[in-house]
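Number of protein chains: 2
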Amino acid sequence: MSEITSRNRIHRHKDRGHYDDPTIYEILDQGKICHVGFTVEAQPFVIPMAYARHGNALYLHGAPNSRLLKQLGSGIPVCVTVTHLDGLVLARSTFHHSLNFRSVVAFGTARHVEDLAEKHQALITITEHLAPGRTRVARAATDEEAKATSVVRFEIEEASAKARSGPPIDSPKDMQLDVWAGVIPIAVEEHEPQPAPDLKPGISYA
Amino acid sequence: MSEITSRNRIHRHKDRGHYDDPTIYEILDQGKICHVGFTVEAQPFVIPMAYARHGNALYLHGAPNSRLLKQLGSGIPVCVTVTHLDGLVLARSTFHHSLNFRSVVAFGTARHVEDLAEKHQALITITEHLAPGRTRVARAATDEEAKATSVVRFEIEEASAKARSGPPIDSPKDMQLDVWAGVIPIAVEEHEPQPAPDLKPGISYA
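Chains A and B supply the protein sequences, listed in that same order.
Here the UniProt record's numbering is used: the first residue of the first sequence is 1, the next is one more, and so on.
Here the UniProt record's numbering is used: the first residue of the second sequence is 1, the next is one more, and so on.
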């Protein structure tokens, strides 16, 4: 359970806010890309990154001389947000149009992972999160490759989830308008695997 | 063309960076949710918000007493990021796994829209962007409703786009491994409209 503080408290639509770990972890686990926010000399940056959750932490990775990763791992305050768009909410009035969504905003700090064993484990965790099962078939990272990757571990100090679902909520006076109302569901979908043009013959996608 | 400065310059994978307006605008126009970053007392916040582009600006909106909107419109530095995930890139080696994506990171400042006519126009722009055609059928916002909404206009000062597409790029030594390699395309898709349970009978989705 995330403690509720001035940093993560939901102010608008309090009924849409959640602070329990299972809700927060489920939303985090269903995303592939997070948006990482940090501040350098008063300038905020928001960078999309692959990630994976491990317990109450998120692993992020990148190139070792990445400006971003250097900043991130230096212990500055970081905010990581994951959002899923679930639907367009079409109301009878323009005013009550909305979006169905689930999101998590997490606050914490990140540190560089230096230990080679933890780094290997983090890279496996990220790859398995992005493409489940792949670390069983793909060649594992060598120590050289792990050393050539920067990994940071973002420890979640506080977080909140926010979600809207369900049909539009129009004003009573608008209910008799001859306007279609409802939801257009939106989903992120995986399509037919496309083999690499240089794939060795005879290997099929498992 | 966005000027290239220390703020928006792409450092990693320079070949994946773009600074031209058409590329940046196209990526912005294809998203429904952006991630808005700003800093309050050294703490970064990253908040998902609906948006729409109008020329070189993005309109964002929310409740008038929203803490977020108040901060955003006060002229502080803001970073807005839009990301599309296009595919999982499965390489023969764990190390070369990647994601296909398109993203824009935009820097600028936001100001509150006070003019009622511009506010109405902004709300129409946002609604049309989220659900094209809806402002022709849904009841238009009244002046009261527009006054009950906070709108901020984020002027893009600098931006950069970054994109990866295409198959995995493995090391030559891994090309003979018996491992499937390729891309799993990912797309955001709209599904069959779901009428509101209280929809007036006889109205079909146009």
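C-beta atoms are modelled at their ideal positions from N, C-alpha and C, and glycine is treated no differently.
Item                                                                                                                                              : Value
In chain A, which residues lie less than 9 Å from F154(B) when you measure between Cβ atoms?                                                      : Near F154(B) there are no residues of chain A at all, since even the closest Cβ is about 12 Å away, more than 9 Å.
Cβ of L123(B) within 8 Å of Cβ of A146(B)?                                                                                                        : yes
Just reading off the beta strand (DSSP E) that P185(A) is part of, what are its end residues?                                                     : 182-190
Could you work out which residues of chain B lie near Y51(A), taking near to mean beta carbons separated by less than 8 Å?                        : Within chain B, no residue comes near Y51(A); the closest Cβ sits about 11 Å away, beyond 8 Å.
According to DSSP, is E114(A) part of a helix, a strand, or is it coil?                                                                           : coil
Among the candidates E157(B), A141(B), I27(B), Q71(B), whose CA atom is the shortest distance from the CA of E41(B)?                              : Q71(B)
Counting only beta-carbon atoms, is R134(B) nearer than 8 Å to chain A?                                                                           : yes
Could you give the first and the last residue of the continuous alpha helix (DSSP H) run that contains I27(B)?                                    : 21-29
At the 8 Å Cβ level, is L123(A) part of the contact set with chain B, yes or no?                                                                  : yes
Please state whether DSSP places T39(A) in a helix, a strand or coil.                                                                             : strand
Go to V137(A), then tell me how far its beta strand (DSSP E) extends in each direction, as first and last residue.                                : Not the beta strand (DSSP E): V137(A) falls in the alpha helix (DSSP H), residues 134-137.
Tell me, please, whether the CB atom of D174(A) is closer than 8 Å to any CB atom in chain B?                                                     : yes
Nearest chain A C-beta to A159(B) closer than 8 Å, yes or no?                                                                                     : no
DSSP has R153(A) in a bridge; who is on the other side?                                                                                           : Y59(A), R111(A)
Ends of the alpha helix (DSSP H) at R53(B)?                                                                                                       : Counting along the chain, R53(B) falls outside any alpha helix (DSSP H), though it belongs to the beta strand (DSSP E) covering 52-54.
Beta strand (DSSP E) containing L88(B): first to last residue?                                                                                    : 74-90
Could you name the residues of chain A that T5(B) contacts, counting a contact when the two beta carbons are closer than 8 Å?                     : Those do not exist, as T5(B) stays about 11 Å from chain A at its closest Cβ, beyond 8 Å.
Relative to the ligand NAD, is the shortest distance from any of its heavy atoms to the C-beta of P132(A) smaller than 7 Å?                       : Although the ligand NAD was asked about, the structure shown includes no ligands whatsoever.
Within a Cβ cutoff of 8 Å, which residues of the same chain sit near R134(B), ignoring the five residues on either side of it in sequence?        : T127, E128
Name the chain A residues whose beta carbon is nearer than 9 Å to that of L60(B)?                                                                 : Result: empty, since nearest Cβ-Cβ is about 13 Å, beyond 9 Å.
Closer than 8 Å is the cut-off here; do at least three beta carbon pairs connect the stretch 97-104 of chain A with the stretch 60-79 of chain B? : no
Verify whether the separation of the beta carbon atoms of K32(B) and A50(B) is less than 8 Å.                                                     : yes
By the 10 Å Cβ neighbour count, where 16 or more other Cβ atoms means buried, how is P201(B) classified, buried or exposed?                       : exposed
Using only alpha-carbon positions, find the residue among R164(A), Q194(A), T83(A) that is nearest to K14(A).                                     : R164(A)
What would DSSP say about E158(B), mapped onto helix, strand or coil?                                                                             : strand
Quick one: any contact between the stretch 104-119 of chain B and the stretch 154-169 of chain A, if contact means 3 or more CB pairs under 8 Å?  : no
Please state the DSSP three-state secondary structure of I33(B).                                                                                  : strand
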